[in-house]
Amino acid sequence: MATMSRKLGEQAVAALRRGAPASKLYSFAHVVIRPGHTAAHLWHGAALLVAVIFLLPLVWMTMASLQPIGLPPARAWTGFPAGVAWSNYAEIFRVIPLAQQLGNSFLVSTVGAGVTLLTASWAGFAMVQMSPRVQHWLVGLALLLLLIPANAVWLPRYVLFARLGLIDTYTALLAASLMGTKSLFVLMYYWSFRRVTVELFESAWLDGASVWTGWRRLAMPLAAPTTLAVLVLSFSHYWSDFVDPLLFLKTAARFTVAVGLRSLQQMDVTRWSLLLAAVVVMIAPVMLLYIGLQMWLRDEPDFARRVLRRLFD
Amino acid sequence: MSLLTVQGARASSYRFSPRMRHHLQLWLLLMPFLAGALLLIGLPALITFGLAFTRYDALGTPVWVGLENFAAIIRREVFWIAVRNSLLFAAIAAPLQVTGALLLALLLHPERRGVHLYRSSIYLTTVIPDVAFALIWLWLLNPLYGPINALLGWFGAPQPAWLIESGTALPALALMAATRVGEGMLLLIAARQALPVVYFDAAMLDGAGRWQSFRHITWPLLAPWLLLLLVRDVVVGAHSAFTPVYIMTGGGPGYATTLLPFLIYEEAFSHLRIGQAAAMMAVMFGVIGLLVGFVFQRTRGWGYGDDV
Chain B
296 MATMSRKLGE
306 QAVAALRRGA
316 PASKLYSFAH
326 VVIRPGHTAA
336 HLWHGAALLV
346 AVIFLLPLVW
356 MTMASLQPIG
366 LPPARAWTGF
376 PAGVAWSNYA
386 EIFRVIPLAQ
396 QLGNSFLVST
406 VGAGVTLLTA
416 SWAGFAMVQM
426 SPRVQHWLVG
436 LALLLLLIPA
446 NAVWLPRYVL
456 FARLGLIDTY
466 TALLAASLMG
476 TKSLFVLMYY
486 WSFRRVTVEL
496 FESAWLDGAS
506 VWTGWRRLAM
516 PLAAPTTLAV
526 LVLSFSHYWS
536 DFVDPLLFLK
546 TAARFTVAVG
556 LRSLQQMDVT
566 RWSLLLAAVV
576 VMIAPVMLLY
586 IGLQMWLRDE
596 PDFARRVLRR
606 LFD
Chain F
34 MSLLTVQGAR
44 ASSYRFSPRM
54 RHHLQLWLLL
64 MPFLAGALLL
74 IGLPALITFG
84 LAFTRYDALG
94 TPVWVGLENF
104 AAIIRREVFW
114 IAVRNSLLFA
124 AIAAPLQVTG
134 ALLLALLLHP
144 ERRGVHLYRS
154 SIYLTTVIPD
164 VAFALIWLWL
174 LNPLYGPINA
184 LLGWFGAPQP
194 AWLIESGTAL
204 PALALMAATR
214 VGEGMLLLIA
224 ARQALPVVYF
234 DAAMLDGAGR
244 WQSFRHITWP
254 LLAPWLLLLL
264 VRDVVVGAHS
274 AFTPVYIMTG
284 GGPGYATTLL
294 PFLIYEEAFS
304 HLRIGQAAAM
314 MAVMFGVIGL
324 LVGFVFQRTR
334 GWGYGDDV
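Structure representation (structure tokens):
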């Protein structure tokens with residue numbers, strides 16, 4: 296459809312170039328614009344409907360988190376008959392040690408993302424410099440590792456960490472960051488560095504640059520978008536991780552927010568707004584990071600303008 | 034510090050040629066990944082398999098018992114219930130997830146105005162942490178106060194008790210898992226955009242309609258990706274189904290939502306029967322491994338390799 300209208304448009308332009316009177320063009324315009332518009336409206340309608348369906352639970356949840364506590368939740372949506380209870384967001388920090396858990400999560404996620412950044416980029420960088428045969432094997436290994444689900448290694452990891460005395464420490468949570476957290480991150484760097492021409496690195500080696508210098512001065516600056524993506528993905532990996540802290544952490548004071556929230560699941564129905572408020576608090580950083588990443592990756596330095604262009608473009 | 038490094042490099046240059054030193058440095062950079070892959074994934078996966086042949090309570094030393102664990106688990110009814118539930122869960126969730134991702138990709142692949150906004154809104158629901166997602170759905174699915182039943186009541190539709198009833202609990206969990214389509218959608222959008230436009234133009238010149246273009250061009254060319262996505266959803270689903278069960282149902286009502294990952298967790302960490310848990314794990318990954326091996330054999334040369 297689109298191609299057809301483009302062709303008609305080209306015909307119209309060609310006719311105009313040949314000196315056809317502008318009034319003649321109406322018939323072209325009629326064909327070109329009308330059906331295109333209807334289709335576009337239909338498409339926007341469908342896309343908007345789908346987007347709304349996906350976002351609706353989040354909107355509902357945010358509104359429900361602002362209902363005053365102590366009342367049974369409304370059966371149907373009735374607005375805010377008893378007022379908007381912003382105080383729920385203060386109350387939730389009193390009901391559970393949310394501030395402490397957020398702090399723990401922030402610590403674990405930041406360290407995890409930082410270490411992941413180093414190890415994943417080192418591995419990806421080294422892979423690119425290897426011979427094609429070795430590269431082939433390493434990529435195969437990384438893809439294979441992607442297919443091994445985390446729960447296949449629950450038991451031995453638990454036993455291993457127990458033997459090493461690492462149970463109830465953050466080292467147990469962060470151990471995977473030493474291998475780049477997920478082999479996906481290594482692959483992301485590998486694919487990103489592969490786009491850099493080999494000659495660039497070759498000439499650096501000929502000039503006597505060390506591998507370390509090549510990584511720091513050449514490779515990393517060229518892979519900035521990948522770095523940003525890996526930081527966001529690995530940060531939210533550690534932020535969201537539920538099973539590892541469930542298995543490895545014992546002391547409540549060390550809980551991350553993912554395991555901390557578990558204590559809310561049995562909350563009384565009249566206090567559900569608190570539960571949902573806590574969920575909103577937990578989700579918010581991850582959401583903001585993803586939205587930020589999406590906008591940053593459009594390689595536009597002017598952030599605010601980017602936001603506006605996204606909304607109205 | 035930097036002085037030391039320089040001296041160290043000089044000293045080593047007496048022993049190694051520059052070329053060898055270069056390669057040594059490269060392998061050094063690769064070492065954390067390789068060591069981690071070996072120690073945290075490779076060996077543990079093998080050890081899991083080994084533990085399946087032992088009696089072990091995480092405290093003493095494992096005792097070799099041969100196939101006793103396998104004999105024990107196949108005699109336990111709950112194991113077969115969990116196998117059946119897991120298969121049913123995968124059979125509902127994975128195809129729905131792939132179909133949903135495909136439909137969304139077909140709708141949202143054209144680079145039109147505002148398309149990023151639509152894609153982002155769908156992708157955003159995928160990045161919600163598992164625990165938060167489970168808690169949100171615990172509320173959405175509440176039979177008395179949840180918005181889903183309120184909505185159904187508004188339309189006059191029947192309002193099931195969802196997680197409280199054994200008949201609807203598992204389908205409800207599967208439906209919930211099937212809504213996480215963001216990654217699959219992005220993958221299929223990329224795959225769809227990579228298809229050459231000339232195919233579609235040529236088909237249109239020959240008078241093919243939308244359905245015919247889809248049936249004879251898009252579908253066969255996307256089929257390898259769909260298959261890959263299906264396998265991924267089954268494999269990932271085997272892991273990610275743990276959190277919702279743990280948070281939302283605890284395996285109940287009765288054993289209605291006891292999936293294998295949850296049963297394995299209970300066996301290993303509540304009852305400390307690590308040998309039996311490992312045997313269940315071995316069975317689960319044996320089945321998944323066969324499936325993945327089959328698909329990889331079928332998809333060899335379908336463009337999924339190191340030249341991505």
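Here the protein sequences come in this chain order: B and F. Each position in the first sequence, counted from 1, maps to that position plus 295 in this note's numbering. Each position in the second sequence, counted from 1, maps to that position plus 33 in this note's numbering. We put the CB at the ideal spot given by N, CA and C, even for glycine.
Proximity winner among the options, relative to residue i (alpha-carbon distances)
| i | options | result |
| --- | --- | --- |
| F:Thr132 | F:Ile181, F:Val214, F:Leu168, F:Val320 | F:Val214 |
| B:His339 | F:Arg146, F:Ala126, F:Phe86, F:Ala127 | F:Arg146 |
| B:Trp416 | B:Met483, B:Met582, B:Gly435 | Residue identity check: residue 416 of chain B is Ser in the sequence provided, not Trp. Of B:Met483, B:Met582, B:Gly435, the residue nearest in Cα terms is B:Met483. |
| F:Val96 | F:Ala315, F:Ala256, F:Leu168, F:Arg306 | F:Arg306 |
| B:Leu426 | F:Tyr151, F:Arg331, F:His56 | Contrary to the premise, residue 426 of chain B reads as Ser rather than Leu in this sequence. The shortest Cα separation from B:Ser426 among F:Tyr151, F:Arg331, F:His56 belongs to F:His56. |
| B:Ser400 | B:Arg566, B:Asp539, B:Leu523 | B:Asp539 |
| B:Pro352 | F:Phe247, F:Trp170, F:Gly186 | F:Trp170 |
| B:Val575 | B:Trp355, B:Gly409, B:Tyr533 | B:Trp355 |
| F:Thr282 | F:Gln192, F:Val160, F:Val320, F:Ala202 | F:Ala202 |
| B:Leu441 | F:Leu261, F:Gly189, F:Ala236 | F:Leu261 |
| B:Trp591 | B:Thr522, B:Phe537, B:Thr551, B:Phe550 | B:Thr522 |
| B:Leu588 | F:Leu63, F:Val160, F:Ala85 | F:Val160 |
| B:Val379 | B:Gln430, B:Ala359, B:Pro392 | B:Ala359 |
| B:Ser487 | B:Ser478, B:Pro520, B:Leu544, B:Glu497 | B:Pro520 |
| F:Ile280 | B:Asp563, B:Leu559, B:Phe543 | B:Leu559 |
| F:Thr290 | F:Trp195, F:Ala256, F:Leu84, F:Arg52 | F:Trp195 |
| B:Asp563 | B:Thr333, B:Ala342, B:Val390, B:Leu344 | B:Val390 |
| F:Gly93 | B:Ala457, B:His332, B:Ile348, B:Arg428 | B:Ala457 |
| B:Phe537 | B:Val527, B:Arg557, B:Ala547 | B:Arg557 |
| F:Leu62 | B:Thr546, B:Val506, B:Val429 | B:Val506 |
| F:Asn102 | F:Leu173, F:Leu238, F:Val316 | F:Val316 |
Cβ distance (whole Å) where residue i is taken to contact residue j below 8 Å
| i | j | result |
| --- | --- | --- |
| B:Val448 | F:Leu73 | 7 Å |
| F:Val278 | F:Leu324 | Not quite, the Cβ-Cβ distance comes to about 21 Å (not below 8 Å), so this is no contact. |
| F:Tyr288 | F:Val148 | In fact, because the Cβ distance is near 45 Å, the residues do not count as touching under 8 Å. |
| F:Thr81 | F:Ala301 | Actually they are not in contact, since the Cβ atoms of F:Thr81 and F:Ala301 sit about 10 Å apart, beyond 8 Å. |
| F:Ala115 | F:Leu296 | 4 Å |
| F:Ala165 | B:Met577 | 5 Å |
| B:Trp381 | B:Leu361 | 7 Å |
| B:Ala573 | B:Ile387 | 5 Å |
| F:His142 | F:Arg265 | Rounded, the Cβ-Cβ distance is 20 Å, inconsistent with contact. |
| F:Pro286 | F:Ile197 | 6 Å |
Contacts around residue i, its chain only, beta-carbon distance under 7 Å, and the 5 residues preceding and following it disregarded
| i | result |
| --- | --- |
| F:Ala274 | Phe122, Ala210, Leu292, Pro294 |
| F:Leu135 | Leu221, Leu259 |
| B:Leu411 | It is Thr, not Leu, that sits at residue 411 of chain B in the sequence shown. These residues qualify, in order along the chain: Ser472, Gly475, Thr476, Phe480, Val525, Ser529. |
| B:Ser531 | Val581, Leu584 |
| B:Ile328 | With a pLDDT of 43 at B:Ile328, under the threshold of 50, the modelled position of that residue is not reliable, and the figure given next carries that caveat. Closer than 7 Å at Cβ, skipping near neighbours: no residue. |
| F:Thr87 | Pro95, Val96, Trp97, Val98, Gly308 |
| B:Ser404 | Phe530, Tyr533, Trp534 |
| F:Ala44 | Because the pLDDT at F:Ala44 is just 48, under 50, the model does not fix this residue reliably, and the value given afterwards should be weighed accordingly. If we look at F:Ala44 and ignore the five residues flanking it on each side, it has no Cβ neighbours. |
| B:Leu542 | Trp449, Tyr453 |
| F:Val328 | Leu260, Val264 |
| F:Ala138 | Met218, Leu221, Ile222, Arg225 |
Beta-ladder partner(s) of residue i, from DSSP
| i | result |
| --- | --- |
| F:Val96 | F:Arg88 |
Residue i: CB within 8 Å of a non-hydrogen atom of the ligand PLP
| i | result |
| --- | --- |
| F:Val131 | Absence of the ligand PLP from the depicted structure is noted, as is the absence of any ligand whatsoever, leaving it without description. |
Close beta carbons around residue i, own chain, < 6 Å, minus the five adjacent residues each side
| i | result |
| --- | --- |
| F:Tyr89 | Pro95, Ile307, Gly308 |
| B:Ala317 | Bear in mind that a pLDDT of 49 at B:Ala317, under 50, signals an unreliable position, so the number given afterwards is only what the model happens to contain. Counting only Cβ-Cβ distances below 6 Å, and skipping sequence neighbours, we find nothing. |
| B:Val552 | Gln396, Leu397, Ser400, Met577 |
| B:Val527 | Leu584, Leu588 |
Same chain only: Cβ atoms within 8 Å of residue i, ignoring 5 sequence neighbours per side
| i | result |
| --- | --- |
| F:Ser50 | none |
| F:Ala207 | Leu121, Phe122, Ile125, Ala126, Leu129 |
| B:Tyr321 | Bear in mind that a pLDDT of 43 at B:Tyr321, under 50, signals an unreliable position, so the model cannot answer this. |
| F:Pro204 | Ile125 |
| F:Leu185 | Pro191, Gln192 |
What residue ranges within the stretch 200-247 of chain F form continuous beta strand (DSSP E) runs of no fewer than 3 residues, ordered along the chain? none
What are the complete alpha helix (DSSP H) segments, minimum 4 residues, inside the stretch 490-540 of chain B? 493-501, 519-535
Sequence ranges, alpha helix (DSSP H) only - wholly within the stretch 257-335 of chain F, length at least 4: 293-298, 307-332
What are the start and end residues of each continuous alpha helix (DSSP H) run of 4 or more residues lying completely inside the stretch 135-209 of chain F, in chain order? 148-157, 163-173, 180-187
Please give me, in chain order, every unbroken run of the beta strand (DSSP E) with length at least 3 that falls completely inside the stretch 410-452 of chain B. none
Any beta strand (DSSP E) of 3 or more consecutive residues that is wholly inside the stretch 540-574 of chain B: none
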